[in-house]
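According to the numbering used here, the sequence shown holds residues 2 to 268 in order.
Where a beta carbon is used, it is the ideal one built from N, C-alpha and C, also for glycine.
Values in this document were obtained by computation on a predicted structure and should not be read as measured data.
Reading through the structure tokens given below for one structure.
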Amino acid sequence: MWNPVLQTSPQRQGNKGFSLVELLVVIAVIAILAGLLLPALVRAKHRVYTAACKNNLHQLQLCWHQYTHDNEGYLPPNNFVYLVDVGGNPNPRLGEDAETWCKSIAPLDPDPIDETVSVLFIYNRSPAIYRCPADRSTVKDHPGKPRNRSYNMSNSIFCRSADHFKKENEIRRPSVLFVFIDTHEDTIWDSTFGVIPLSSAWRDYWLDVPADRHHCGANLTFADGHVEYRKWRTSKKGLNIGSRAKDELDLQDLRSLQMNIKGANGN
């Protein structure tokens, strides 16, 4: 009986691994791609934070308008913390000049904002809208605990220590009057943001300092309801409350904000 001869298949060659040169090339390509993509990812992250911050401020501005409409046109009270609860009308919602819209002391208060702290809370019960998502500051003596507030209100709004508007119908040009502003984490204290007017001999000095955590810029709301991103010409790091503008670029930033308060731009 004939038996066929079994042919053996050719021996397969084993798979070669990467050579050292090939591995180095792959690593170099990955490094180049990472270098190209990382800045784009960082920019995208900043855009998300900026958009979320603008939304928070938009919600606060809506609360501001609702308060005004519910209180005979009176604007929310907005006094320095040292003046709160000192005389004045016993009803803080009808022309009180010794009250403030938010009693939080941002660097010190460990508790979330609620209706006992902010007169605007009843219109939006989310404590998150008082804090910028890009604000990484924490409460003193509470390591890792985020502060409860990043935003202040312009002292042009019902602040008895400044030239201010008391009722909404007094504002002639609401589109150029700023209300809320993202405030620098190194200088924020109470909820009032002071801006020295151009008519003052101290006009070259910052009273409070705006944030610059959004790609060297900050978000502001205006009395007509719109929210605006303002890009600063220079960083605000190193400035303190009462600091003189540190250079010409910083002075230009200060001047731009001074144009959005009472006594400027037709207001």
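Quiz item: From Q253 to Q67, what distance separates their C-alpha atoms?
Solution: 34 Å
Self-check item: Closest residue to T139 among D187, C103 and K104 (Cα-Cα distance)
Solution: The candidate whose alpha carbon is nearest that of T139 is D187.
Self-check item: Distance, M260 Cα to D248 Cα
Solution: 19 Å
Practice problem: Report the partner residues of F181 according to the DSSP bridge assignment. | Solution: M154
Exercise. Report yes if the C-beta distance between D119 and C133 is below 8 Å; otherwise report no.
Key: The identity of residue 119 in the sequence shown is Ser, whereas the question assumes Asp. It is not a contact, given that the beta carbons lie outside the stated cut-off.
Quiz item: Does DSSP classify N125 as helix, strand or coil?
Solution: coil
Exercise. With a threshold of 16 other CB atoms inside 10 Å of the CB of T222, please say whether the residue is buried or exposed.
Key: buried
Quiz prompt | Three-state secondary structure (DSSP) of N170 | solution = Of the three classes helix, strand and coil, the one that applies to N170 here is helix, per DSSP.
Self-check item: Residue burial classification, W203 (beta-carbon count within 10 angstroms, cutoff 16)
Solution: exposed
Self-check item: First through last residue of the alpha helix (DSSP H) which encompasses R204
Solution: Per DSSP, R204 is not a residue of any alpha helix (DSSP H), being assigned neither H nor E.
Quiz item: Can you tell me whether DSSP reads G218 as helix, strand or coil?
Solution: strand
Practice problem: May I ask which residues mark the beginning and end of the beta strand (DSSP E) holding R256? | Solution: Counted as a single uninterrupted DSSP element, the stretch harbouring R256 is not any beta strand (DSSP E) but the alpha helix (DSSP H) occupying residues E249 to Q259.
Practice problem: Say yes only if the C-beta of T184 is nearer than 7 Å to one or more non-hydrogen atoms of the ligand GDP, and no if none qualify. | Solution: The ligand GDP is not part of this structure, which contains no ligands at all.
Quiz item: Just to confirm, are I182 and A219 a CB contact at a threshold of 8 Å?
Solution: yes
Practice problem: Tell me, please, whether the segment 192-203 touches the segment 139-156 by the rule of three or more beta-carbon pairs shorter than 8 Å. | Solution: yes
Exercise. Kindly indicate which residue of H227, L255, R174 and W233 has the alpha-carbon position closest to the one of P60.
Key: In the sequence as displayed, the identity of residue 60 is Gln instead of Pro. Per the Cα distances, H227.
Quiz item: Can you check whether the CB of H185 is closer than 8 Å to the CB of A212?
Solution: yes
Self-check item: DSSP bridge partner residues for E23 (one or two, in chain order)
Solution: Bridge partners of E23: none, in fact.
Exercise. Figure out for me which residue from F81, V30, E116 and L58 has the closest Cα to the Cα of Y230.
Key: L58
Practice problem: Find the nearest neighbour of T51 within the set V82, D136, G264 and V210, judged by alpha-carbon distance. | Solution: D136
Quiz prompt | Proximity below 8 Å, CB of A224 to CB of I262 | solution = No; because the gap between Cβ atoms is not below 8 Å, this pair is not in contact.
Quiz prompt | Limits of the beta strand (DSSP E) - the one that Y230 falls within | solution = V228 to K232
Exercise. Buried or exposed for A35, please, with buried defined as at least 16 other CB atoms from any protein chain shown within 10 angstroms of its CB.
Key: Here A35 is exposed: its Cβ has fewer than 16 other Cβ atoms, across all protein chains shown, within 10 Å.
Self-check item: Where P40 falls: helix, strand or coil (DSSP)
Solution: helix
Quiz item: Would a C-beta distance cut-off of 8 Å place C217 and W207 closer than the cut-off?
Solution: no
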